[in-house]
Amino acid sequence: MSKPKEHPSAGTSRGPALKRALTTPLLYFFILGDVLGAGVYVLVGQVAADSGGAVWVPLVVALLLALLTAASYAELATKYPRAGGASHYATLAFGPFAGFVAGFCMLAAGIVSVAALARGFGGDYLSAFVTLPVGLVAVLFLAGLALVNARGIKESTRANVVATVVEVGGLLVIVVLGAWLVLRGDGDPGRLTDLGTPEKGAAAAVLSGSVLAYYSFVGFETSVNVAEETRDPRRSYPRALFGALATAGAVYVLVGLAASAAVPTERLAGSSGPLLEVVEEAGGVPARLFSAVALVAVANGALLTGIMSSRLAYGMARDGLLPSGLAKVLPTRRTPWAAIAVTTALAALLALTGSVATLASTLVLLLLVVFLLVNVAVLVLRRDPGETAYFRAPTALPVLGAASCVLLATQIEAEVWLRGLLVLAVGVVLAAVAVAKRGKGAGDRTAPSVRGPAAGGDAPNT
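Numbering (our numbering), first residue to last: 56 to 517.
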(Lines of atoms letter the chains of each structure in order from A; the text may use other names.)
(Lines give C-alpha, C1' and ligand atoms only; values in the text may rest on other atoms or scores of the structure.)
Protein backbone atom coordinates (compact mmCIF):
# COMPACT_ATOMS: atom_id res chain seq x y z
CA MET A 56 0.00 0.00 0.00
CA SER A 57 1.38 3.41 -0.93
CA LYS A 58 2.08 5.90 1.82
CA PRO A 59 -0.77 8.44 2.13
CA LYS A 60 -0.06 12.09 1.46
CA GLU A 61 -0.34 14.56 4.27
CA HIS A 62 -1.02 18.27 4.48
CA PRO A 63 2.06 20.38 5.22
CA SER A 64 0.49 21.42 8.49
CA ALA A 65 0.79 17.89 9.70
CA GLY A 66 4.42 18.55 10.27
CA THR A 67 5.61 15.02 9.70
CA SER A 68 8.92 16.33 8.44
CA ARG A 69 9.71 17.58 11.93
CA GLY A 70 9.24 14.24 13.64
CA PRO A 71 7.49 10.88 13.56
CA ALA A 72 3.71 10.90 13.43
CA LEU A 73 1.64 9.51 16.29
CA LYS A 74 -0.36 6.33 15.92
CA ARG A 75 -4.01 6.77 14.86
CA ALA A 76 -5.80 4.57 17.40
CA LEU A 77 -8.82 6.56 18.66
CA THR A 78 -12.30 5.72 17.43
CA THR A 79 -15.33 8.01 17.79
CA PRO A 80 -16.61 6.25 20.96
CA LEU A 81 -13.17 6.40 22.62
CA LEU A 82 -12.82 10.09 21.74
CA TYR A 83 -16.34 10.76 23.05
CA PHE A 84 -15.48 9.17 26.40
CA PHE A 85 -12.14 11.00 26.44
CA ILE A 86 -13.91 14.38 26.19
CA LEU A 87 -16.77 13.40 28.49
CA GLY A 88 -14.37 12.12 31.14
CA ASP A 89 -12.31 15.31 30.97
CA VAL A 90 -15.35 17.58 31.30
CA LEU A 91 -17.02 15.49 34.03
CA GLY A 92 -14.09 15.91 36.37
CA ALA A 93 -13.72 16.14 40.12
CA GLY A 94 -15.04 19.72 40.16
CA VAL A 95 -18.64 18.67 39.72
CA TYR A 96 -18.64 17.19 43.22
CA VAL A 97 -18.11 20.64 44.78
CA LEU A 98 -19.48 22.86 42.00
CA VAL A 99 -23.20 22.82 42.79
CA GLY A 100 -22.80 24.45 46.20
CA GLN A 101 -20.64 27.27 44.84
CA VAL A 102 -23.07 28.00 42.02
CA ALA A 103 -25.97 27.99 44.48
CA ALA A 104 -24.17 30.52 46.68
CA ASP A 105 -23.84 32.91 43.72
CA SER A 106 -27.11 32.36 41.88
CA GLY A 107 -29.68 31.00 44.35
CA GLY A 108 -31.70 27.81 44.19
CA ALA A 109 -32.17 27.84 40.39
CA VAL A 110 -28.75 26.26 39.87
CA TRP A 111 -29.78 24.83 36.51
CA VAL A 112 -30.05 28.29 34.88
CA PRO A 113 -26.34 29.27 35.07
CA LEU A 114 -25.44 25.69 34.11
CA VAL A 115 -27.44 25.99 30.89
CA VAL A 116 -25.95 29.43 30.16
CA ALA A 117 -22.43 28.10 30.74
CA LEU A 118 -23.08 25.17 28.40
CA LEU A 119 -24.19 27.53 25.62
CA LEU A 120 -21.10 29.70 26.11
CA ALA A 121 -18.83 26.64 26.05
CA LEU A 122 -20.45 25.41 22.83
CA LEU A 123 -19.49 28.69 21.09
CA THR A 124 -15.79 28.10 21.63
CA ALA A 125 -16.20 24.35 21.05
CA ALA A 126 -17.44 25.13 17.53
CA SER A 127 -14.18 26.98 16.84
CA TYR A 128 -12.17 24.05 18.15
CA ALA A 129 -14.18 21.66 15.98
CA GLU A 130 -13.36 23.66 12.85
CA LEU A 131 -9.66 23.97 13.58
CA ALA A 132 -9.18 20.41 14.84
CA THR A 133 -10.76 18.95 11.69
CA LYS A 134 -8.94 21.40 9.42
CA TYR A 135 -5.52 20.84 11.02
CA PRO A 136 -5.71 17.48 12.88
CA ARG A 137 -2.44 17.27 14.78
CA ALA A 138 -1.03 17.48 18.29
CA GLY A 139 -0.32 20.99 19.50
CA GLY A 140 -3.90 22.23 19.55
CA ALA A 141 -4.35 25.92 20.34
CA SER A 142 -0.61 26.52 20.08
CA HIS A 143 -0.58 25.19 16.53
CA TYR A 144 -3.65 27.19 15.51
CA ALA A 145 -2.27 30.43 16.95
CA THR A 146 1.03 29.81 15.17
CA LEU A 147 -0.73 29.38 11.84
CA ALA A 148 -2.89 32.46 12.34
CA PHE A 149 -0.57 34.90 14.12
CA GLY A 150 2.95 33.45 14.01
CA PRO A 151 5.21 31.54 16.42
CA PHE A 152 5.14 34.21 19.14
CA ALA A 153 1.37 33.92 19.65
CA GLY A 154 1.64 30.17 19.24
CA PHE A 155 4.12 29.96 22.08
CA VAL A 156 2.00 32.17 24.35
CA ALA A 157 -1.10 30.03 23.69
CA GLY A 158 0.83 26.83 24.27
CA PHE A 159 2.48 28.19 27.39
CA CYS A 160 -0.90 29.13 28.87
CA MET A 161 -2.24 25.66 28.15
CA LEU A 162 0.87 23.99 29.57
CA ALA A 163 0.83 26.13 32.71
CA ALA A 164 -2.84 25.42 33.29
CA GLY A 165 -2.48 21.71 32.56
CA ILE A 166 0.58 21.06 34.70
CA VAL A 167 -0.81 22.98 37.67
CA SER A 168 -4.11 21.15 37.28
CA VAL A 169 -2.41 17.74 37.34
CA ALA A 170 -0.38 18.75 40.41
CA ALA A 171 -3.47 19.97 42.23
CA LEU A 172 -5.37 16.78 41.37
CA ALA A 173 -2.44 14.69 42.59
CA ARG A 174 -2.54 16.46 45.96
CA GLY A 175 -6.31 16.11 45.99
CA PHE A 176 -5.99 12.38 45.43
CA GLY A 177 -3.80 12.11 48.53
CA GLY A 178 -6.08 14.25 50.69
CA ASP A 179 -9.39 13.81 52.47
CA TYR A 180 -10.98 11.39 50.00
CA LEU A 181 -8.12 8.90 50.33
CA SER A 182 -8.03 9.34 54.11
CA ALA A 183 -11.50 7.77 54.24
CA PHE A 184 -9.68 4.50 53.48
CA VAL A 185 -6.03 4.94 54.47
CA THR A 186 -3.81 7.69 55.87
CA LEU A 187 -0.53 8.31 54.01
CA PRO A 188 1.72 11.36 53.50
CA VAL A 189 0.18 13.53 50.79
CA GLY A 190 3.53 14.18 49.08
CA LEU A 191 4.33 10.48 48.83
CA VAL A 192 0.89 9.67 47.47
CA ALA A 193 1.14 12.49 44.93
CA VAL A 194 4.50 11.31 43.57
CA LEU A 195 3.43 7.66 43.34
CA PHE A 196 0.13 8.71 41.80
CA LEU A 197 1.84 10.81 39.13
CA ALA A 198 4.35 8.06 38.37
CA GLY A 199 1.52 5.59 37.83
CA LEU A 200 -0.32 7.99 35.55
CA ALA A 201 2.85 8.57 33.53
CA LEU A 202 3.25 4.83 32.96
CA VAL A 203 -0.35 4.50 31.76
CA ASN A 204 0.12 7.55 29.52
CA ALA A 205 3.36 6.21 28.05
CA ARG A 206 1.90 2.78 27.40
CA GLY A 207 -0.41 4.19 24.74
CA ILE A 208 -3.32 6.46 23.94
CA LYS A 209 -5.66 3.51 23.38
CA GLU A 210 -4.87 2.00 26.79
CA SER A 211 -5.20 5.40 28.48
CA THR A 212 -8.56 6.11 26.91
CA ARG A 213 -9.87 2.62 27.64
CA ALA A 214 -9.07 3.23 31.31
CA ASN A 215 -10.88 6.54 30.91
CA VAL A 216 -14.01 4.75 29.63
CA VAL A 217 -14.24 2.71 32.84
CA ALA A 218 -13.56 5.74 35.05
CA THR A 219 -16.08 7.88 33.18
CA VAL A 220 -18.77 5.25 33.64
CA VAL A 221 -18.05 5.28 37.40
CA GLU A 222 -18.17 9.10 37.52
CA VAL A 223 -21.43 9.32 35.60
CA GLY A 224 -22.87 6.48 37.69
CA GLY A 225 -22.18 8.42 40.88
CA LEU A 226 -23.85 11.52 39.49
CA LEU A 227 -26.86 9.53 38.34
CA VAL A 228 -27.20 8.20 41.89
CA ILE A 229 -27.54 11.82 43.02
CA VAL A 230 -30.23 12.42 40.39
CA VAL A 231 -32.19 9.36 41.55
CA LEU A 232 -31.82 10.25 45.23
CA GLY A 233 -32.95 13.82 44.58
CA ALA A 234 -36.01 12.61 42.69
CA TRP A 235 -36.79 10.14 45.48
CA LEU A 236 -36.62 12.91 48.10
CA VAL A 237 -39.06 15.03 46.11
CA LEU A 238 -41.45 12.11 45.52
CA ARG A 239 -41.58 11.21 49.20
CA GLY A 240 -42.32 14.82 50.08
CA ASP A 241 -39.02 15.80 51.71
CA GLY A 242 -37.79 18.04 48.87
CA ASP A 243 -38.92 21.47 47.69
CA PRO A 244 -39.26 21.91 43.89
CA GLY A 245 -40.11 25.57 44.52
CA ARG A 246 -36.42 26.30 44.97
CA LEU A 247 -35.85 25.51 41.28
CA THR A 248 -37.27 28.93 40.31
CA ASP A 249 -35.47 30.88 43.05
CA LEU A 250 -32.98 33.05 41.18
CA GLY A 251 -30.93 35.79 42.85
CA THR A 252 -29.36 36.46 46.24
CA PRO A 253 -29.70 39.25 48.81
CA GLU A 254 -26.65 40.91 47.25
CA LYS A 255 -27.47 40.32 43.57
CA GLY A 256 -30.50 40.57 41.35
CA ALA A 257 -31.51 37.80 38.97
CA ALA A 258 -29.41 38.97 35.98
CA ALA A 259 -26.25 39.56 38.03
CA ALA A 260 -26.75 36.23 39.80
CA VAL A 261 -27.03 34.36 36.50
CA LEU A 262 -23.83 35.96 35.17
CA SER A 263 -21.90 35.35 38.37
CA GLY A 264 -23.13 31.77 38.61
CA SER A 265 -22.39 31.17 34.93
CA VAL A 266 -18.73 32.06 35.45
CA LEU A 267 -18.45 29.36 38.12
CA ALA A 268 -20.50 26.94 36.05
CA TYR A 269 -18.25 27.61 33.04
CA TYR A 270 -15.38 26.15 35.06
CA SER A 271 -17.17 22.81 35.00
CA PHE A 272 -17.17 22.63 31.19
CA VAL A 273 -13.46 23.37 30.86
CA GLY A 274 -11.67 20.28 29.60
CA PHE A 275 -13.16 19.89 26.13
CA GLU A 276 -10.27 21.92 24.69
CA THR A 277 -7.74 19.25 25.64
CA SER A 278 -9.16 16.81 23.11
CA VAL A 279 -7.70 18.68 20.12
CA ASN A 280 -4.28 17.47 21.21
CA VAL A 281 -5.26 13.89 20.37
CA ALA A 282 -6.93 14.72 17.03
CA GLU A 283 -3.79 13.44 15.30
CA GLU A 284 -4.32 10.10 17.03
CA THR A 285 -7.96 9.86 15.89
CA ARG A 286 -8.66 7.57 12.95
CA ASP A 287 -11.01 9.88 11.06
CA PRO A 288 -10.90 13.28 12.82
CA ARG A 289 -13.03 15.13 10.26
CA ARG A 290 -15.91 12.77 10.92
CA SER A 291 -15.27 11.70 14.50
CA TYR A 292 -14.18 14.87 16.24
CA PRO A 293 -17.31 17.08 15.86
CA ARG A 294 -19.57 14.16 16.77
CA ALA A 295 -17.55 13.26 19.85
CA LEU A 296 -17.07 16.89 20.95
CA PHE A 297 -20.66 18.10 20.71
CA GLY A 298 -22.03 14.77 21.91
CA ALA A 299 -19.83 14.81 25.00
CA LEU A 300 -20.64 18.44 25.84
CA ALA A 301 -24.36 17.80 25.41
CA THR A 302 -24.13 14.74 27.66
CA ALA A 303 -22.13 16.62 30.31
CA GLY A 304 -24.58 19.53 30.16
CA ALA A 305 -27.57 17.20 30.62
CA VAL A 306 -25.91 15.46 33.58
CA TYR A 307 -24.97 18.78 35.21
CA VAL A 308 -28.49 20.18 34.83
CA LEU A 309 -30.05 17.03 36.27
CA VAL A 310 -27.61 17.06 39.20
CA GLY A 311 -28.34 20.75 39.77
CA LEU A 312 -32.08 20.13 39.75
CA ALA A 313 -31.80 17.16 42.12
CA ALA A 314 -29.45 18.84 44.59
CA SER A 315 -31.37 22.11 44.70
CA ALA A 316 -34.75 20.44 45.15
CA ALA A 317 -33.42 17.99 47.75
CA VAL A 318 -31.34 20.29 49.99
CA PRO A 319 -32.06 23.85 51.20
CA THR A 320 -30.01 26.43 49.27
CA GLU A 321 -28.23 27.77 52.37
CA ARG A 322 -27.12 24.28 53.38
CA LEU A 323 -26.05 23.48 49.83
CA ALA A 324 -24.07 26.73 49.51
CA GLY A 325 -22.33 26.24 52.85
CA SER A 326 -21.11 22.70 52.16
CA SER A 327 -17.75 21.74 50.70
CA GLY A 328 -19.31 18.43 49.66
CA PRO A 329 -22.77 19.41 48.45
CA LEU A 330 -23.54 16.08 46.82
CA LEU A 331 -22.86 14.31 50.10
CA GLU A 332 -25.59 16.50 51.57
CA VAL A 333 -28.01 14.86 49.13
CA VAL A 334 -26.75 11.40 50.08
CA GLU A 335 -27.14 12.10 53.80
CA GLU A 336 -30.57 13.66 53.31
CA ALA A 337 -31.83 10.64 51.37
CA GLY A 338 -30.09 7.91 53.38
CA GLY A 339 -29.40 4.39 52.19
CA VAL A 340 -26.11 5.08 50.40
CA PRO A 341 -22.80 4.85 52.34
CA ALA A 342 -20.84 8.12 52.41
CA ARG A 343 -17.63 6.19 51.73
CA LEU A 344 -19.06 5.21 48.38
CA PHE A 345 -18.83 8.80 47.26
CA SER A 346 -15.25 9.05 48.50
CA ALA A 347 -14.42 6.14 46.19
CA VAL A 348 -16.24 7.72 43.27
CA ALA A 349 -14.47 11.03 43.91
CA LEU A 350 -11.08 9.29 43.87
CA VAL A 351 -11.91 7.76 40.51
CA ALA A 352 -12.99 11.18 39.23
CA VAL A 353 -9.76 12.81 40.42
CA ALA A 354 -7.59 10.08 38.92
CA ASN A 355 -9.44 10.21 35.63
CA GLY A 356 -9.17 13.99 35.39
CA ALA A 357 -5.45 13.87 36.15
CA LEU A 358 -4.86 11.16 33.54
CA LEU A 359 -6.65 13.05 30.79
CA THR A 360 -5.01 16.37 31.67
CA GLY A 361 -1.65 14.62 31.75
CA ILE A 362 -2.31 13.25 28.25
CA MET A 363 -3.16 16.76 27.07
CA SER A 364 -0.07 18.35 28.62
CA SER A 365 2.33 15.79 27.17
CA ARG A 366 0.80 15.96 23.68
CA LEU A 367 0.85 19.75 23.80
CA ALA A 368 4.51 19.81 24.78
CA TYR A 369 5.23 17.28 22.02
CA GLY A 370 3.38 19.36 19.42
CA MET A 371 5.10 22.61 20.45
CA ALA A 372 8.49 20.90 20.30
CA ARG A 373 7.73 19.60 16.82
CA ASP A 374 6.81 23.16 15.81
CA GLY A 375 10.16 24.38 17.12
CA LEU A 376 8.61 26.33 20.02
CA LEU A 377 10.12 24.08 22.70
CA PRO A 378 13.36 22.05 22.76
CA SER A 379 13.33 19.36 20.08
CA GLY A 380 14.09 16.67 22.64
CA LEU A 381 10.49 16.85 23.81
CA ALA A 382 9.39 15.50 20.41
CA LYS A 383 10.99 12.09 21.02
CA VAL A 384 8.62 9.12 20.93
CA LEU A 385 8.94 5.52 22.01
CA PRO A 386 9.86 3.46 18.91
CA THR A 387 7.37 0.68 19.64
CA ARG A 388 4.55 2.40 21.55
CA ARG A 389 4.77 5.63 19.46
CA THR A 390 3.97 7.76 22.50
CA PRO A 391 5.83 11.01 23.40
CA TRP A 392 7.87 9.66 26.30
CA ALA A 393 10.11 12.71 26.71
CA ALA A 394 7.17 15.11 26.95
CA ILE A 395 5.42 12.77 29.38
CA ALA A 396 8.51 12.59 31.60
CA VAL A 397 9.10 16.35 31.72
CA THR A 398 5.48 17.38 32.31
CA THR A 399 5.13 14.70 35.02
CA ALA A 400 8.31 15.88 36.75
CA LEU A 401 7.08 19.49 36.78
CA ALA A 402 3.70 18.43 38.15
CA ALA A 403 5.42 16.38 40.86
CA LEU A 404 7.58 19.36 41.82
CA LEU A 405 4.52 21.58 42.19
CA ALA A 406 2.66 18.89 44.12
CA LEU A 407 5.55 18.47 46.57
CA THR A 408 5.94 22.19 47.22
CA GLY A 409 2.26 22.60 47.98
CA SER A 410 2.20 26.04 46.33
CA VAL A 411 -0.27 25.11 43.62
CA ALA A 412 -3.16 26.80 45.46
CA THR A 413 -1.90 30.26 44.47
CA LEU A 414 -1.78 29.24 40.79
CA ALA A 415 -4.95 27.15 40.63
CA SER A 416 -7.22 30.22 40.64
CA THR A 417 -5.49 31.50 37.48
CA LEU A 418 -6.37 28.41 35.42
CA VAL A 419 -9.60 29.71 34.00
CA LEU A 420 -8.13 33.12 33.23
CA LEU A 421 -5.28 31.48 31.31
CA LEU A 422 -7.74 29.32 29.41
CA LEU A 423 -9.88 32.34 28.52
CA VAL A 424 -6.79 33.89 26.92
CA VAL A 425 -6.33 30.69 24.92
CA PHE A 426 -10.01 30.54 23.96
CA LEU A 427 -9.91 34.16 22.75
CA LEU A 428 -6.93 33.38 20.52
CA VAL A 429 -8.63 30.26 19.16
CA ASN A 430 -11.89 32.06 18.32
CA VAL A 431 -10.04 34.85 16.50
CA ALA A 432 -7.73 32.33 14.78
CA VAL A 433 -10.75 30.66 13.16
CA LEU A 434 -11.64 33.92 11.43
CA VAL A 435 -8.04 34.66 10.39
CA LEU A 436 -7.53 31.17 8.96
CA ARG A 437 -10.61 31.42 6.77
CA ARG A 438 -8.18 32.68 4.11
CA ASP A 439 -6.97 29.07 3.91
CA PRO A 440 -9.74 27.09 2.14
CA GLY A 441 -8.35 23.82 3.45
CA GLU A 442 -10.14 20.57 2.73
CA THR A 443 -13.79 20.63 1.69
CA ALA A 444 -14.50 17.87 4.22
CA TYR A 445 -13.60 19.78 7.39
CA PHE A 446 -16.24 21.07 9.82
CA ARG A 447 -17.01 24.76 9.25
CA ALA A 448 -18.66 26.75 12.04
CA PRO A 449 -21.05 29.59 11.17
CA THR A 450 -19.10 32.86 11.34
CA ALA A 451 -21.28 34.20 14.14
CA LEU A 452 -20.13 31.44 16.50
CA PRO A 453 -16.42 32.33 16.76
CA VAL A 454 -17.36 36.03 16.98
CA LEU A 455 -19.73 35.33 19.86
CA GLY A 456 -17.18 32.93 21.35
CA ALA A 457 -14.53 35.66 21.47
CA ALA A 458 -17.03 38.07 23.02
CA SER A 459 -17.98 35.50 25.67
CA CYS A 460 -14.32 35.15 26.68
CA VAL A 461 -14.07 38.90 27.23
CA LEU A 462 -17.34 38.93 29.17
CA LEU A 463 -16.30 36.11 31.47
CA ALA A 464 -12.86 37.64 32.01
CA THR A 465 -14.49 40.82 33.35
CA GLN A 466 -16.04 38.75 36.13
CA ILE A 467 -12.66 37.50 37.46
CA GLU A 468 -11.28 39.13 40.60
CA ALA A 469 -8.45 41.68 40.44
CA GLU A 470 -6.08 39.58 42.56
CA VAL A 471 -6.50 36.64 40.16
CA TRP A 472 -5.80 38.98 37.28
CA LEU A 473 -2.56 40.00 38.97
CA ARG A 474 -1.39 36.40 39.30
CA GLY A 475 -2.54 35.62 35.77
CA LEU A 476 -0.68 38.59 34.32
CA LEU A 477 2.51 37.45 36.07
CA VAL A 478 2.21 34.02 34.45
CA LEU A 479 1.47 35.65 31.08
CA ALA A 480 4.54 37.87 31.48
CA VAL A 481 6.72 34.78 31.91
CA GLY A 482 5.15 33.28 28.81
CA VAL A 483 5.77 36.44 26.78
CA VAL A 484 9.43 36.53 27.78
CA LEU A 485 9.92 32.85 26.96
CA ALA A 486 8.08 33.34 23.67
CA ALA A 487 10.42 36.18 22.69
CA VAL A 488 13.43 33.99 23.49
CA ALA A 489 12.02 31.04 21.54
CA VAL A 490 11.21 33.13 18.49
CA ALA A 491 14.64 34.78 18.57
CA LYS A 492 16.30 31.36 18.64
CA ARG A 493 14.25 30.11 15.74
CA GLY A 494 15.15 33.14 13.66
CA LYS A 495 13.37 34.57 10.68
CA GLY A 496 13.93 31.49 8.54
CA ALA A 497 12.17 29.21 11.01
CA GLY A 498 9.30 31.67 11.31
CA ASP A 499 8.83 31.68 7.55
CA ARG A 500 8.42 27.92 7.54
CA THR A 501 5.07 28.22 9.27
CA ALA A 502 3.56 30.12 6.35
CA PRO A 503 3.22 27.24 3.84
CA SER A 504 0.96 25.37 6.24
CA VAL A 505 -1.57 28.20 5.85
CA ARG A 506 -1.10 28.76 2.13
CA GLY A 507 -0.59 25.08 1.27
CA PRO A 508 -4.08 24.15 0.05
CA ALA A 509 -4.54 27.38 -1.88
CA ALA A 510 -1.21 26.84 -3.59
CA GLY A 511 -2.03 23.29 -4.55
CA GLY A 512 -0.35 21.60 -1.59
CA ASP A 513 -1.12 18.02 -0.66
CA ALA A 514 -4.35 17.42 1.21
CA PRO A 515 -4.29 15.75 4.60
CA ASN A 516 -5.00 12.06 4.71
CA THR A 517 -8.58 11.27 5.73
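By construction, the Cβ of each residue, glycine as well, lies at the ideal position given by its N, Cα and C atoms.
Sub-8 Å separation of residue i and residue j beta-carbons
i	j	result
leucine 323	alanine 103	yes
proline 453	leucine 428	no
alanine 109	leucine 250	yes
leucine 309	valine 230	yes
leucine 197	alanine 406	yes
phenylalanine 149	alanine 486	no
arginine 493	glycine 375	yes
alanine 357	leucine 200	yes
leucine 236	serine 364	no
leucine 226	valine 95	yes
alanine 317	valine 333	yes
serine 459	leucine 114	no
methionine 371	serine 168	no
leucine 463	valine 228	no
valine 279	alanine 132	yes
tyrosine 269	alanine 121	yes
alanine 205	threonine 390	yes
glycine 361	threonine 417	no
asparagine 430	asparagine 215	no
leucine 359	glycine 88	yes
phenylalanine 275	alanine 125	yes
phenylalanine 84	threonine 252	no
Neighbour-count burial assignment, residue i, 16 or more Cβ in a 10 Å radius
i	result
aspartate 241	exposed
arginine 174	buried
leucine 98	buried
glutamine 466	exposed
phenylalanine 184	exposed
glycine 165	buried
alanine 170	buried
threonine 277	buried
arginine 137	buried
valine 484	exposed
alanine 299	buried
glutamate 321	exposed
valine 223	buried
glycine 178	exposed
glycine 325	exposed
serine 182	exposed
arginine 373	buried
serine 410	Only weak support is given to the placement of serine 410: the predicted model assigns it a pLDDT of 47, under 50, and the question is left unresolved by the model.
leucine 476	exposed
glycine 521	With the chain covering only 56 through 517, there is no way to say anything about residue 521.
Per DSSP, the bridge partner or partners of residue i
i	result
threonine 285	Leu77
Cβ-Cβ separation, residue j to residue i (assumed contact under 8 Å), whole Å
i	j	result
alanine 303	valine 90	4 Å
glycine 233	leucine 312	7 Å
aspartate 105	glycine 264	4 Å
lysine 134	tyrosine 369	Their Cβ separation, rounded to whole angstroms, is 20 Å, which puts lysine 134 and tyrosine 369 out of contact at 8 Å.
The segment 372-387 contacting the segment 179-194, beta-carbon criterion three pairs below 8 Å: no
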